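A.B. asks:
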Amino acid sequence: DGGITQSPKYLFRKEGQNVTLSCEQNLNHDAMYWYRQDPGQGLRLIYYSQIVNDFQKGDIAEGYSVSREKKESFPLTVTSAQKNPTAFYLCASNTEGLSTEAFFGQGTRLTVV
Amino acid sequence: AQSVAQPEDQVNVAEGNPLTVKCTYSVSGNPYLFWYVQYPNRGLQFLLKYITGDNLVKGSYGFEAEFNKSQTSFHLKKPSALVSDSALYFCAVRDRRDDKIIFGKGTRLHILP
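Listed in order, the protein sequences are those of chains A and B. Going by this note's numbering, the first residue of the first sequence is number 97, and it counts up by one from there. Going by this note's numbering, the first residue of the second sequence is number 1495, and it counts up by one from there.
Encoded structure:
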């Protein structure tokens, strides 16, 4: 089945440690996105990539980093510079074109203690 | 700047009654509008979209949305609510300048049995 997979579903880390969240898609989509979701704040865009080896900062990129070495994969690293990393992280992808809807992974809930 | 507003944080509707979840938008040029639904601890699922054509768009699970250009609105509707419709609903718009997807803050829909 085609889809977008995020792993792990739950992640616990100690403060000061970097952590990488995985996002893989087999939909042959060009564009991929990372969002952060906090209660009452909706979805905020962290990074997005429209093509392999290229990505752009979203609205809240500070403290995060990404790579896009393969079309299928768009991992997100939450660094120790991120002041408040505990959140629900969502990855999405879509084909090129403004009229296409996005497909979402099931999310990773990161808790930093 | 492109933006989406969902003026209600929460909407309560009795089962069997019609429901409306409001969305207004601000875009330059023709809008590409979307509705998504999110169940607890899950990713977002696509419901429907407006690209062009008929102002009344039909989507998944009996939902529909009415596009109103003069009021810059794209309200989500359903003739008869089900308890299983209880979830978090997001309105979104595609940004024509850089292909980003911009989400509203979400509206929590409670269907009361």
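Just so it is clear, CB atoms sit at the ideal spot from N, CA and C, and this is done for glycine as well. Note that the structure is predicted; figures quoted are calculated from it, not measured.
#1: Where does residue 40 of chain A land, buried or exposed, given buried means 16+ other C-beta within 10 angstroms?
#2: Compute the beta-carbon to beta-carbon distance between residue 1525 of chain B and residue 1587 of chain B, rounded to the nearest angstrom, for a pair I have assumed lies under 8 Å.
#3: In angstroms with no decimal places, state the Cα-to-Cα distance between residue 108 of chain A and residue 168 of chain A.
#4: Count the CB pairs spanning the stretch 144-164 of chain A and the stretch 194-206 of chain A that are closer than 8 Å, and state whether there are at least three.
#5: Please report the distance separating the alpha-carbon of residue 1570 of chain B from that of residue 1593 of chain B.
#6: Does the CB of residue 99 of chain A have a neighbour CB from chain B at under 8 Å?
#7: Give me, in chain order, the residues of the same chain whose beta-carbon lies closer than 8 Å to that of residue 110 of chain A; leave out the 5 immediate sequence neighbours on both sides.
#8: In chain order, what residues of the same chain have a beta carbon less than 6 Å from the beta carbon of residue 100 of chain A, not counting five sequence neighbours either side?
#9: Once DSSP output is grouped into helix, strand and coil, what is the label at residue 193 of chain A?
#10: Could you tell me the distance, in whole angstroms, from the CA atom of residue 136 of chain A to the CA atom of residue 186 of chain A?
#11: Counting only beta-carbon atoms, is residue 1599 of chain B nearer than 8 Å to chain A?
#12: The beta strand (DSSP E) with residue 160 of chain A in it runs from where to where?
#13: Return the residue from the list B:1542, B:1546, B:1599 and B:1529 that minimises the CA-CA distance to residue 1523 of chain B.
#14: For a contact defined as C-beta to C-beta under 9 Å, what are the partners of residue 178 of chain A on chain B?
C.D. replies: In terms of the structure at hand:
#1: Nothing can be reported for residue 40 of chain A: it is not among the residues displayed for chain A, which extend from 97 to 209.
#2: So it is a contact: roughly 6 Å between Cβ atoms.
#3: 25 Å
#4: no
#5: 23 Å
#6: no
#7: 208 and 209
#8: Result list for residue 100 of chain A: 121, 189, 199 and 201, in chain order.
#9: coil
#10: 16 Å
#11: yes
#12: Boundaries of the beta strand (DSSP E) around residue 160 of chain A: 160-162.
#13: B:1546
#14: Counting only Cβ-Cβ distances below 9 Å, residue 178 of chain A has no contacts in chain B at all, with the closest Cβ about 21 Å away.
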